[in-house]
Structures are given as C-alpha cells and as structure tokens.
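Those sequence lines, one after another, are chains A and B. The first sequence begins at 244 in the working numbering and counts up by one. The second sequence begins at 81 in the working numbering and counts up by one. A virtual CB, placed ideally from N, CA and C, is assigned to each residue, including glycine.
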Amino acid sequence: MRVIVAGAGEVGYHVAARLSREGQDVVVVDVKPERLEYVQTHLDVAVVEGSGASISVLEKAGIRGAGLLIAVTNVDEANLVSCMSVRGVKDLMRVARVSNPDFYSDGAHLNPEVFGVDVMINPERELALETVRLLKATAATDVATFAGGAVQLVGVRVTDDAPIAGKTLAEIGSEQGGEAMLTVALMRGGETIVPSGATEILGGDLVYFVVTGKRMPQGLEFCGYRQTSVRRVMIAGGSLEAYYLAGFLNQHGAQTIMLVKQRERAQELAERLDHALVLNGDATDVELIEMEGVAGVDGFVALTDHDEKNILAAVLAQHAGAKQVVTLVNKTDYVPLATRIGLDAVVSPRLSAANAILRYARRGTVTSVATFKDSDAEAISFHVASTSPLVGRRLADIDFPDGAIVAAIVRTAVSDPIVPRGADKLAAGDTIIVFALPDSVIPLTDMFPS
Amino acid sequence: MNFLEVLHVVGLLLLWTAVAMLPPAALGCLEGLAFGWIIAVGSTALAGFLLWLVTPKQISINRREGIAVVGVGWIAVTLLGSLPFLATGTAPTVASAIFESVSGFTTTGATVFPNIEALPMSILLWRSISHWLGGMGIIVLGVAVLPLIGMGGSQLFRAEVPGIASDRLKPRIATTARLLWGVYGLLTAILFVIYLVLGMTVFEAVNHAMSALATGGFSTRTASLGAFSPAIQWVTIVFMLIAGTNFTLHYAMLSGRWGAWFSDAEWRWYAGVAVAVSVTVFLALGLSDWGWVFRDATFNVIAIMTTTGFATADFGQWPPICLVLLLSLMFVGAMGGSTGGGFKVARAVVVTKHAAGEVQKVLHPAGVFVTKLGRNPIRSDVLLNTLAFLALYVVTHGVGTLLIAAFGYDLVTATSAALAAMSSIGPGLGAVGPAEHYGHMGTMPHLVLSGLMLLGRLEFYTLLVLLIPGTWDKWGGHL
Numbered sequence: 244m245r246v247i248v249a250g251a252g253e254v255g256y257h258v259a260a261r262l263s264r265e266g267q268d269v270v271v272v273d274v275k276p277e278r279l280e281y282v283q284t285h286l287d288v289a290v291v292e293g294s295g296a297s298i299s300v301l302e303k304a305g306i307r308g309a310g311l312l313i314a315v316t317n318v319d320e321a322n323l324v325s326c327m328s329v330r331g332v333k334d335l336m337r338v339a340r341v342s343n344p345d346f347y348s349d350g351a352h353l354n355p356e357v358f359g360v361d362v363m364i365n366p367e368r369e370l371a372l373e374t375v376r377l378l379k380a381t382a383a384t385d386v387a388t389f390a391g392g393a394v395q396l397v398g399v400r401v402t403d404d405a406p407i408a409g410k411t412l413a414e415i416g417s418e419q420g421g422e423a424m425l426t427v428a429l430m431r432g433g434e435t436i437v438p439s440g441a442t443e444i445l446g447g448d449l450v451y452f453v454v455t456g457k458r459m460p461q462g463l464e465f466c467g468y469r470q471t472s473v474r475r476v477m478i479a480g481g482s483l484e485a486y487y488l489a490g491f492l493n494q495h496g497a498q499t500i501m502l503v504k505q506r507e508r509a510q511e512l513a514e515r516l517d518h519a520l521v522l523n524g525d526a527t528d529v530e531l532i533e534m535e536g537v538a539g540v541d542g543f544v545a546l547t548d549h550d551e552k553n554i555l556a557a558v559l560a561q562h563a564g565a566k567q568v569v570t571l572v573n574k575t576d577y578v579p580l581a582t583r584i585g586l587d588a589v590v591s592p593r594l595s596a597a598n599a600i601l602r603y604a605r606r607g608t609v610t611s612v613a614t615f616k617d618s619d620a621e622a623i624s625f626h627v628a629s630t631s632p633l634v635g636r637r638l639a640d641i642d643f644p645d646g647a648i649v650a651a652i653v654r655t656a657v658s659d660p661i662v663p664r665g666a667d668k669l670a671a672g673d674t675i676i677v678f679a680l681p682d683s684v685i686p687l688t689d690m691f692p693s
Numbered sequence: 081m082n083f084l085e086v087l088h089v090v091g092l093l094l095l096w097t098a099v100a101m102l103p104p105a106a107l108g109c110l111e112g113l114a115f116g117w118i119i120a121v122g123s124t125a126l127a128g129f130l131l132w133l134v135t136p137k138q139i140s141i142n143r144r145e146g147i148a149v150v151g152v153g154w155i156a157v158t159l160l161g162s163l164p165f166l167a168t169g170t171a172p173t174v175a176s177a178i179f180e181s182v183s184g185f186t187t188t189g190a191t192v193f194p195n196i197e198a199l200p201m202s203i204l205l206w207r208s209i210s211h212w213l214g215g216m217g218i219i220v221l222g223v224a225v226l227p228l229i230g231m232g233g234s235q236l237f238r239a240e241v242p243g244i245a246s247d248r249l250k251p252r253i254a255t256t257a258r259l260l261w262g263v264y265g266l267l268t269a270i271l272f273v274i275y276l277v278l279g280m281t282v283f284e285a286v287n288h289a290m291s292a293l294a295t296g297g298f299s300t301r302t303a304s305l306g307a308f309s310p311a312i313q314w315v316t317i318v319f320m321l322i323a324g325t326n327f328t329l330h331y332a333m334l335s336g337r338w339g340a341w342f343s344d345a346e347w348r349w350y351a352g353v354a355v356a357v358s359v360t361v362f363l364a365l366g367l368s369d370w371g372w373v374f375r376d377a378t379f380n381v382i383a384i385m386t387t388t389g390f391a392t393a394d395f396g397q398w399p400p401i402c403l404v405l406l407l408s409l410m411f412v413g414a415m416g417g418s419t420g421g422g423f424k425v426a427r428a429v430v431v432t433k434h435a436a437g438e439v440q441k442v443l444h445p446a447g448v449f450v451t452k453l454g455r456n457p458i459r460s461d462v463l464l465n466t467l468a469f470l471a472l473y474v475v476t477h478g479v480g481t482l483l484i485a486a487f488g489y490d491l492v493t494a495t496s497a498a499l500a501a502m503s504s505i506g507p508g509l510g511a512v513g514p515a516e517h518y519g520h521m522g523t524m525p526h527l528v529l530s531g532l533m534l535l536g537r538l539e540f541y542t543l544l545v546l547l548i549p550g551t552w553d554k555w556g557g558h559l
C-alpha cells in the first residue's frame, strides 16, 4: 500500500519510519528541503517537496492509487485542507492531525465529514490520556488498552523484593492458582524475550502483562508495587499536553498543580482551567516545588517543551518523593538514558500519534496497535471474523509468521483474558492480541483480512 | 473639547424634556395649574431652543464630547425638570424642587413631600415620567431617536448605561438603544395592563408601572404599595426583579432564548442573593414580634435590592439584623444593564472573588489566579477599574455621610441617606426611613444628596471627569 505522509515533523517522521520498516511504500511531503534531506538519508522512503495542502503536490506524490493519506504537519488547518482537497479520491483513507482544543470544545466540535477526514487524531490529547493511564497504574512504564479498554497491557519494572522475582512463570502460575497475571513479554538488558514456562523473572526486568481492568492492582502487587489512588498531581509545563492532562485529571477528581514558566501562558491556562492551581514558575525551581508540596503528590508529570528540562524536573521530583513520575521525552536517543536513571514512565507525542495512526495503516481487522518505547515490537489486536478460516482451528495448527506470538485471547463470554496454549481453538468474535516484531506485521495482517 | 457642540446636543435634550412635560402639563391645565405648567414647559423649551439655535449644526461627537454631553445633559435636564415643582408652587424651596427632580430622573424615589395624596395629579404624573425617562436613560433614548448623535452614540451609551460591560445587542448602537427602549416600553405596558386588571385606576396604574420598571420608587400614595392589595404587591415584586435584571437578557428571552436569565452568571447571583436575603429576613421577622410576614419580608428586600424603594412596611422598625442586611443590599444593588442602581451585583461578585484569590496568593505566592464571572475571565484592566469604582463608592459615601452628619443628623440617618441617594433607592433608615420623608432637611443637605444621586446614577466617572479642568481645554489639557 502506498502511504503519503504530509509533514515531516517528529510525528510524521516517526510514522513514516515505522510504516517503511514494515514494508509499506511511503512518500513524505514537506515544504522544508533540509527536513526531507534528513528523512531521505535515514529512511527508505520517497520525498516530495511542497505543501501537503496543495493538490498538485499531492498528485506528484501519487495520491491517486494511494491507500492512506496521513496529514500530520504542525498546522491543523493545513492538515484539514490536505484531506479536503483529496476528498474525491477513491479508496483513500484520510487521517488528519488536529491538536487545537478549540476545535474540540463544547458546541464547536469540528465535523470531520465536512473536511473529508476519516480519522482525526490528536497526539497531544492521546499523550495526556496515556499519562492518565500511567498515573493510575502506579509505577507502570507502559499502559495500552485493548478491546475498548476492557483489557490492558501493562509494562512494569519488577522490584528486587517483588513476590514474583526469582521465580519461573510456571511457579508463579501454580502459586497464584490461575492466570491473574499473563506475562506476554519481558525486557532484560535491552533485549525482548518472549517467555516460556521455564523463564525466570528477575528483579529489574521490565515485564509486560495482560490484565482486565480490575485485576490491575493485583498485577502491580506481584511486581512489588501497591496501587495508590491519584489525588494530587503536579504538572510541569504549560504545553498543550499539559492542558489536556489537567482537564482529564479534573474529570478524575484529582487536584492539579501546574508549573508554567511563561507569564502569559500561565494566565491563559488559569483562565481556561477552572480547577487547576496554576503557578507561574520554573519546574526546576527546587524551593518552589518543595513549598508547593511535591513530596506529597501522587504523580509528577514533566511536560515542558524541552526534554532536558523534563528529565531534570522529573529526577528532582522523584528525589523529593513524588510517587509516580511521568516524563515527556521527544528525542528517541534520550529514552534509554531516561530509563537508566530510573525514569521508566516515559511518554512521547511521537509514540502516541503512531499508536493512534498505525491501526489505520493496516488492512485487515486490526482493532488497535500499541508500540513500546524501548523496542520495535508492537502489540496488535485483531478481531476474528466469523468468516475467517481460522475459526475453530487450534493455535498450534495455525502457521503464524516468525516473530509474532499470540499474547492473549479476549473472549466476551470469559471475563479474564485467556492464556493461549497450543490446544486452544479460536472462536468467531474473539479478539486476539499478538506481540509482533516489525517483519511479521504485514504477513500477520494478511491472515486477518477485513 | 468643543463645548458648543456639547451644548447643541444638550439643547436637543432639553427640547425633548419639554415634550415629556406636555402630558402632565395638559393634566395640570385641567387642575387649574395652567399658569405654572406653561411657565415650566415654556422655559424648558426656550432654553433648549436657544441652545440649539446659537450652536453649530454640524456636530462631531467623540469620546470627550460624549462624556460631557452625558454629564452636562443630566445636570441641565434635572435642573429644568425641577421647574414644574417650583412654578406650580408645590415645592417649598428651590433646593427641595431640585432634590425632587434629581430624585425622579435618577430613579431614586426619595421625596420631600410628607403627604403625597395632597399633591396635584399633574405633579404626580411628572414625577413618574421623570422616573421612566431616567430609568433606561435620557441619553440612550436620545441615541435611539435622534439621528444627530448617531455618530458618537457609542460613547454616550457607555457613559450612561451602568455595569461592568454594556454589551451591544446589534452591531449598530442606535438599533441597540431602540431595542432596549422597546423592551422597556413593552414591559411597562404589560405591567400597566396587569395593574388595571388587578383593580388600580388608570392613573395609579400608569404611575406605578413607570415607577416600577424604572426601579424608581415614587408612588401616588404616602403608604406606597402598602396601600394596595396583596396581589398587586406580588406582581410588583416580580416586576421589580425584572427591572433590576440586565435588559439585554430580556431581549434575549423575547427573541426566543428562554434560558437567557439562567445562563447568565450575574443573574444567578442576583436571584440567589435576593432569595437568600428574603428568606433570612422572613425568619428573623418570624422569630421577633413582627410575626411570619413573608410578603412584607420579600417585598421590601426586593424593593431595596433592585433599588426601587417602594415599601409595604416600616422596615426601619425591623430587628437590627434585618437593617444590616438591607443596608448591605443598598450597597450591592441590582444588575448591570438594568434600570437599577447600586454597586451592581457583578462588581460585588468580581471584587469578592478577586479578594479570595489574593488570600490564596498568600499561600501560593507564585500562583496565577484569574477572577471569573461565570466562565468569563475578567481582564485585569476591568478589574482595576472595578476596584477603583469601589474606592470611589466608599470614599464618596464617607464624604456624603460626613456632610449630612454635619447638619446634625444621627449616624444611622446620615449613613443610610447617603447610601440610599448614591444607590438610587429612596428611603433610608432613621429620620429618612420608609415612613418618613426628606422634607425636613434644609437646602444644603438637599443639594448634597442631589449630587450623590447624580454621582451614583452616572457611576462617578462621567461626572467626576467634568471636575478635571483639562476636560474643558480644547486639547484636553495634555499635549
């Protein structure tokens, strides 16, 4: 499938990279030649210089015959115009990034149909939602939701004195007497391991497990954490992400303190947010954050525009005693560093946008896609249609591509996700969650045609 | 400032006032007061005509002229509006006639006459007409009907309409003024019909309808609304509340936005305070010797809060807690954009919220606290203006109290008289309570209170700016 990515910013670059690595034909469109130069030297994609809002530029990029247009420049209006100008093109899915909260406000909600947009994505809002999930799952590094939020895939770093540390999965299974915690993958020393019953979990491992929402506290407990409720959250930065997050936290009844450096932005946020306490100050001002009680907050979220400042603020907050610390890191190169200094919960607009977009880049019955910070692996959930030839077949008999492992089966009749065993049979209506390395994604999606 | 142009518009306003005197003058002729009324109407018309004649016809009103028109215009209209009281020999002194006229146009409703029933009907009608003209504003009326001042109408409008922000209903200011007067006239007509149905005479219905919608307070009876049936009193309560509401909200309601009142933050505060104080006063009265008189409690609380100043009971004799509540309401007053006076509900809410934010700021020195009215943040320049307005209110009230007390009146009388004048209420407490009148005061207190009434009605800035010498220079004193 040909995919046209309009806008080679952080989001556009990352989406193009992922799709290209999967083997899709990607064309990147941007007005800045130096940016295109960078894209071309790093990725196996074609580039077209010009505005993505111009029909002639899009024609040049081969919009006729393309299956997907992803308009992700930093300008919402340009993205909308891009989609609008190719309304007439057949069999084209149009995705537009629209970040401005005014377009989503009460009574002014943009109607995507008017603009010929099939999917509106809002990376800043996605990131804020992900942050809320991380804050609610104390100490989690990743939280992805599947099957409409019923099932969550959680990544947690196991503590040295955790109940499951030093035990094999088989032992854990027999001890817990069930599948309370279904471990689908673990990362140790930068390596992704797909565990078997004999795999031993060590303190310091990052384990990914699948749980239903209500089993989350139990899962966290096995890894050595106690889930605390989110009552007080301090947010560093006045970014769009911070604005969305403050809104979501208010809906959850959490008290929010925001640190905003620019006076005008602080004023603007104080006007827009009714229940947040907005402070005009720097997040790295230790005296200020201590006075405002950083030691007692349930969560500290660093969301300024600068990675370096976020990392510094997060470290300061962690040392001061903040329970869960979430850090926004834009630069890919910084992510391993952040992990090494103990900042496990990292969010990035790039990944949030990619998670929102990738499911639309897949043919087949993909219902959602989650990507992970430290790895190329994805968790993809598929819907098993009743017409699928896979219905009724044992998992052992199905020829899954190399690098793809069925992590869980979600069946509406069964409340907990099912640990897949070779003898399990797929049923119509199941949702299966598959852990997949990039090479296996396309053959995998071909197995679940829509 | 081009003073001649200002006088030209003032001349037009005086001609307009003379026209407004014609109905009571006609009534006066039937009462045998023809001579006095001819002098009153004639002098007013002549003064207006001369001013209009000797000044240039080409006028260009900008900001400074606009403010001067409102200030000078109000002084001129109220001065000549006192002529009927003098020329018919009703008022004992010049100052008392001016007091009665200013009290009428500012919709205060304080009277120098101890026995209202003894007054000629033509004078009673003139008092009510002065209320009605002053309620929505003589200048706003001028903007609505005089095409001449259409150009600078926006300045005039803003200088006369009370409240924090006067919002336009329509892009053109003249259309807005016409709509406001239309709504005002319609509501007055509705109340007139209801009064007739409930048994008032035509004359009483006309007078009370105009007085109520203007939040005035002049009645045709010494006992005020206490002389009428409970049904009439209940209807009056409702219409006083309507008159104390921002008229742009009425327009919105009439154009089909039924939730307009409730969706307005200031209105919710206004209605909430009215209900809360009514209930408190009712309970306080019930627990005292007065007994459970819900209608009296509600009527007098609403009459004070909307700054109407009708009365059905001598609330001056109520328990102290009620008096304190009523004095507080005298200060707060009605909504901005209404015909009522006072500090205005929105201002009181904004100032209080701002103060609460400042207290929070002690706890969070780096905190950014935005004062909001409903969902709307109040800009800091508006906030500062409101705080300055509070200072003007407090200082003017202090000076006014001092001046009244200097003539030997006790503290309660002096402080309530000054407040009742500034907030355009009418009856105060003590010697100027609802069962009393202002006739026993001398020339100086009458003039002081007249000044306070005008300052309060025009919300200080418009009048005070006339005292700055620079206003009268050609270039405004600064170059």
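Secondary structure of glutamine 395 (chain A) (DSSP, three-state): strand.
Boundaries of the beta strand (DSSP E) around valine 450 (chain A): 449-455. Only residues of its own chain outside the window of five on either side were considered, and among them Val315, Arg340, Pro366, Pro592, Arg593 and Ala596 have a CB closer than 7 Å to the CB of valine 254 (chain A), listed in chain order.
For serine 624 (chain A), there is no enclosing alpha helix (DSSP H); the residue is found in the beta strand (DSSP E) stretching over 621-626. For leucine 531 (chain A), the C-beta contacts it makes with chain B under 8 Å involve Ala446, in order along the chain. Here glycine 635 (chain A) is exposed, its C-beta having fewer than 16 other C-beta atoms within 10 Å.
If you look at glutamate 292 (chain A), you'll find it in the beta strand (DSSP E) that goes 289-292. Partner residues in a beta bridge of valine 404 (chain B), as assigned by DSSP, do not exist. Valine 450 (chain B) has a beta carbon lying within less than 7 Å of a beta carbon in chain A. In the DSSP assignment, glutamate 373 (chain A) falls within the unbroken alpha helix (DSSP H) covering 366-379. Taken in chain order, the complete alpha helix (DSSP H) segments of 4 or more residues contained in the region 272-324 of chain A are 276-285 and 298-303.
Those residues of the region 497-526 of chain A placed with their C-beta closer than 7 Å to a C-beta in chain B are Ala509, Gln510, Ala513, Glu514, Leu520, Val521, Leu522, Asn523 and Gly524, ordered along the chain.
Across the structure, leucine 166 (chain B) and asparagine 142 (chain B) are spaced so that their CA atoms are roughly 36 Å apart. C-alpha of valine 544 (chain A) to C-alpha of phenylalanine 491 (chain A): approximately 13 Å in a straight line. With contact defined as three or more Cβ pairs closer than 8 Å, the region 189-199 of chain B and the region 273-290 of chain B are not in contact. The alpha carbon of serine 343 (chain B) has as its nearest neighbour, out of B:Ser309, B:Gly454, B:Ala435 and B:Val286, the alpha carbon of B:Gly454.
Relative to serine 299 (chain A), the option among A:Val329, A:Gly536, A:Gly310 and A:Arg605 whose CA is nearest is A:Val329. Contact note: proline 457 (chain B) reaches chain A through Glu514, using a C-beta cutoff of 7 Å and chain order.
Between proline 399 (chain B) and alanine 351 (chain B), the C-beta gap is not smaller than 7 Å, which leaves the two residues out of contact.
Shown here for isoleucine 317 (chain B): same chain residues with a beta carbon closer than 7 Å to its own, the five before and five after excluded, namely Thr378, Phe379 and Ile382 in chain order. With a cutoff of 7 Å on beta-carbon distance, valine 448 (chain B) and asparagine 493 (chain A) are scored as not near each other. Distance from glutamine 440 (chain B) to threonine 392 (chain B) at the Cβ level is roughly 43 Å; contact not present, criterion being Cβ atoms closer than 8 Å. As the crow flies, the alpha-carbon of glycine 324 (chain B) is around 23 Å from that of methionine 280 (chain B).
Between threonine 630 (chain A) and valine 653 (chain A), the CB-CB gap reaches or exceeds 7 Å. Exclusion of the five residues before and after tryptophan 212 (chain B) leaves Met290 and Ala294 as the residues of its chain whose Cβ lies within less than 6 Å of its Cβ.
Between leucine 509 (chain B) and valine 528 (chain B), the C-beta spacing is not below 7 Å. Just measuring C-alpha positions, the residue of B:Ala486, B:Arg537, B:Trp206 and B:Leu87 sitting nearest serine 503 (chain B) is B:Arg537. Scanning its chain for C-beta atoms nearer than 7 Å, with the 5 sequence neighbours on each side dropped, one finds around leucine 87 (chain B) the residues Leu131 and Thr135, in chain order. When C-alpha distances from lysine 566 (chain A) are compared across A:Val427, A:Asp587, A:Asp689 and A:Thr547, the shortest belongs to A:Asp587. With respect to valine 684 (chain A), glutamate 265 (chain A) sits close: the two C-beta atoms are nearer than 7 Å.
Between arginine 207 (chain B) and phenylalanine 298 (chain B), the gap from beta carbon to beta carbon is short of 7 Å. In the DSSP assignment, aspartate 268 (chain A) forms a beta bridge with A:Arg245. Taken atom to atom, the span from the alpha-carbon of alanine 538 (chain A) to that of threonine 402 (chain A) is near 22 Å.
In this structure, the CA atom of lysine 574 (chain A) is about 13 Å from the CA atom of threonine 547 (chain A).
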